[in-house]
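Everything on this sheet refers to the single structure shown next.
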Amino acid sequence: MVPASPPIAAQSTGRGAGARRRRLKGVARRLGARIVAALVMIWAVATLTFFLVHALPGNPVQVQYETLISHGVPPAQALKETRIIYGFVSHEPVVSQYGSYLWQLIHLNLGKSISYSGVSVSHLVLSAAPWTVILVLSGVLVSFLLGVLAGAVAAVRRTSKLGDLLSVSGSLLHGIPQFVMAVLLAYVFTTLLPVFPFGAPYNITVTPGWNLGYIGSLVTHAVLPVFAYALSSYGGWMLSMKSSVVSVLGDDFVLAAELRGLKPLTQLRYVARNALLPLFTVLALSIGFMFGGSIFIEDVFDYPGLGHLLLASISARDYPLMSGTFLLITVAVILSNLLADLLYTLIDPRVRGQAS
Amino acid sequence: MRRRPSRAAHLGSGAGDTEEFEGLRVRGLTIVYGTEAGELAAVRQVDLDLQAGTITGLVGESGSGKSTLALAMLNAVPSPGRITAGSVTMSGIGDITRLRGRALREVRGGVLGYVFQASQNSLNPLKRVGAQLLDLARSHGVPQPRLILGEAQRLCERMGLDATRVLSSYQHELSGGMRQRVGIVFALVLNAKVLILDEPTTALDMLSQAAVLQVVREIHAERRLATVVITHDIAVVAEMADRVVVTYAGRIVESGATGDVLRHAAHPYTRALLRSIPRISGDISAAEPLPGRPPDLASIPTVGCVFRARCPLALPICSEVDPATVSVGPGHATACHLAAGPLAVPERTEEVAG
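Residue numbers (our numbering), protein chains in the order written: chain A, 4 to 359; chain B, 78 to 431.
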């Protein structure tokens, strides 16, 4: 806050062009601090993951080593293979194990999967990621758009039937668990009314590539899972947007805009931009969480995304794959948080002001 | 500095409505709030003239309906309130309470400038002041919106603001006093004819307060505005206003030239209000607080004098008959049974105040 106004003369001594440069400097310093904080957080999570895997009952690394020995692999060979899988071996002291794990991590080496023997975790994760991105990103965006529009209308018309109806739709859909929504949609639209294909991300008769048949098949297969996702997260967006718009509508500047005779469209823009502000952080975060995949929906629709991979790695006790997937989710969330922060600095001048 | 309004325009001439009048004229205005307890009148049967070249002080406690009255002048009574009777006529425009849509929008901001309290945030926090001025210009169909920035700059400089800096600032970068002055710029930049200041000194320190009032007075005189200052602060009225209108529970109880009302207050409420002000050079205990509680909508009596419950001079008639408005001097009127005694001249018209 600027202190209560001093005598007029003192106020008119401007800050001029220097202010802008100082502001930019502030943003740069802030950005630097954020990036460092993000790196520290990623390191902390990686460390936690390492010690968690290390502390798991039955010591999977030791088990792996001993399994290889019992298969008649010579100890030196077994040690080497275990190291390839986990990035460290339990024969060495914990500190040096930790050191070599971090070293591998810096080189983006997440080790090798156990259940998909010989395949690197990075490869598995990278090939599953696009499916999740298609599914969850479209789901997030569709639900965000629908929810924000419906929420705004529900807020403006909150005393009318339409407003009530929209609010009820939000609460209701918010209450339906994802897997119920997925099963429901699958049952209605593939069994009762077979409009959409079921299972597999595309028809196996088409050749993957930049051809219409493949892309069309991708889209028709994605419609149901995307809508299952969108409908189950629509309610959250809708209700948040509604309460945000209601609170902005009560702000003085909205009445001021009306009393100054601003165009209805301009007034709407003022309200919308202010109401959307708090939702942006949540949007960025949910894009980060997207890399956790959507376990239930991917499972119901047999979608080979990250959720699917995570589920498979847990049931197969594939620890390298598990920790790799977890790490990816973490990094994605931290990065999207960072992005949200930067975005906020761009769209909210008040946050920008705090930097200087 | 101060201009006394001509007597004829205000009271008892009976020709008030036909004679050439420049400014905003409120007649028989009644505003009702629909609540669970039924329809409650926040403002009842108010007559008020805001004449060009005159600063009117609208005084009353919180809850006296003065802000509702001010919003009604822009036909912007907040729901669940609504205007049930009366008119707000702007010279050259017509009855504002009948305007809708685009016509109403153009009057707001274009003809009637409303200035918010300094403690209120009347600007969009996400846009620079200059950009919002451009929005204002575009909304009002100004042919070359950019030209408005030059006008805004001149007004800013007038008010002792660093115009370049203010126009490129966001609201949170401005102090309360600066925000208020920016609010005045927004109200005047389109050449409004009526300036409505809502509690212009609340949340301001004494220095900013004096500076803001000084500037308002100057621009008022230059542009021959019809200015109304809504306040609970008698000191502001004494300093600024040519005329005072005292409201209580949504009725106008007294009106007149500032000097007359302050020196010869005719209504018991006005007198009590004046006695309740502490003096800087004097014993604080000399100031007498007003006994009783300020009125709230649900407890306002519908028949008789609205002030009788707190009035030290109340008579039996006060709870039975609405007091008529009587003239107690040139341009000075009050709605009190006591004033309607043998010395007072009865009002010919139904005007309460003017």
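Glycine included, each C-beta is placed from N, C-alpha and C at the ideal position.
Item: For B/T279, the three-state DSSP class (helix, strand or coil); Value: coil
Item: Among B/L181, B/L274 and B/G100, the one whose alpha carbon lies nearest that of B/M167; Value: B/G100
Item: Bounding residues of the alpha helix (DSSP H) (the contiguous stretch that carries A/H126); Value: V124 to T135
Item: Through-space distance from B/L224 to A/P9, alpha-carbon basis; Value: Confidence at A/P9 is low in this model, with a pLDDT of 40, below 50, so the placement of that residue should be treated as unreliable; the coordinate-derived value is given next. One C-alpha to the other measures close to 30 Å.
Item: Where the alpha helix (DSSP H) through A/R276 begins and ends; Value: P267 to F292
Item: Segment contact flag, the stretch 233-247 of chain A with the stretch 257-264 of chain A, C-beta cutoff 8 Å, min 3 pairs; Value: no
Item: Contact set between A/K266 and chain B, taken where Cβ atoms lie within less than 7 Å; Value: S216
Item: A/K115 (DSSP reduced to helix, strand or coil); Value: strand
Item: Residues of its chain near A/L127, where Cβ-Cβ distance is below 7 Å and the 5 sequence neighbours each way are ignored; Value: S116, Y119, L312 and L324
Item: Beta carbon proximity, A/L349 to chain B, threshold 7 Å; Value: no
Item: Sheet register partners of B/H409 (DSSP bridge); Value: B/G406
Item: Residue-chain proximity (B/D212, chain A), Cβ-Cβ < 7 Å; Value: yes
Item: One or two residues paired with B/S332 in a DSSP bridge; Value: B/V322 and B/A410
Item: Cross-chain neighbours of A/Y273 in chain B, by beta carbon under 7 Å; Value: N201
Item: Outcome for A/F54 when other beta-carbon atoms lying within 10 angstroms are tallied against a minimum of 16; Value: exposed
Item: Through-space distance from B/G105 to B/D124, alpha-carbon basis; Value: 5 Å
Item: Anticipated Cβ contact below 8 Å, A/L113 with A/V124, distance rounded; Value: 4 Å
Item: Among B/S376, B/A386 and B/A363, nearest to B/G115 - alpha-carbon criterion; Value: B/S376
Item: Enclosing alpha helix (DSSP H) for B/V262 [first to last residue]; Value: G253 to L265
Item: Heavy atom of the ligand FAD within 6 Å of A/A41 beta-carbon; Value: Looking for the ligand FAD in the displayed structure turns up nothing, as the structure carries no ligands at all.
Item: Chain-ordered neighbours of B/L151 on chain A, where CB pairs are closer than 7 Å; Value: L262
Item: Host alpha helix (DSSP H) of B/Y247 (start-end); Value: Looking at the DSSP string, B/Y247 is not in any alpha helix (DSSP H), and its letter there is neither H nor E.
Item: Residues that A/R276 contacts on chain D, provided the C-beta gap is smaller than 9 Å; Value: No chain D is present in this structure, whose protein chains are A and B.
Item: Distance between B/L232 and B/R352 (C-alpha atoms, nearest Å); Value: 38 Å
Item: B/L390 versus B/A416, B/G237, B/V219 and B/G190, residue with shortest Cα-Cα distance; Value: B/A416
Item: From B/G406, B/T324, B/T379 and B/G187, residue whose alpha carbon lies closest to that of B/G140; Value: B/T324
Item: Coil, strand or helix - B/R128 by DSSP; Value: Strictly speaking, residue 128 of chain B in this sequence is Gln, with Arg absent from that position. In the structure shown, B/Q128 sits in a strand (DSSP, three-state: E or B).
Item: Identity of the residue in B/Q291, B/V271 and B/A269 nearest B/R258 by Cα; Value: B/Q291
Item: Unbroken alpha helix (DSSP H) run spanning B/A391, endpoints; Value: Premise fails: B/A391 is in no alpha helix (DSSP H) and is neither H nor E.
Item: For B/I160, the residue or residues it bridges with in DSSP; Value: B/I108
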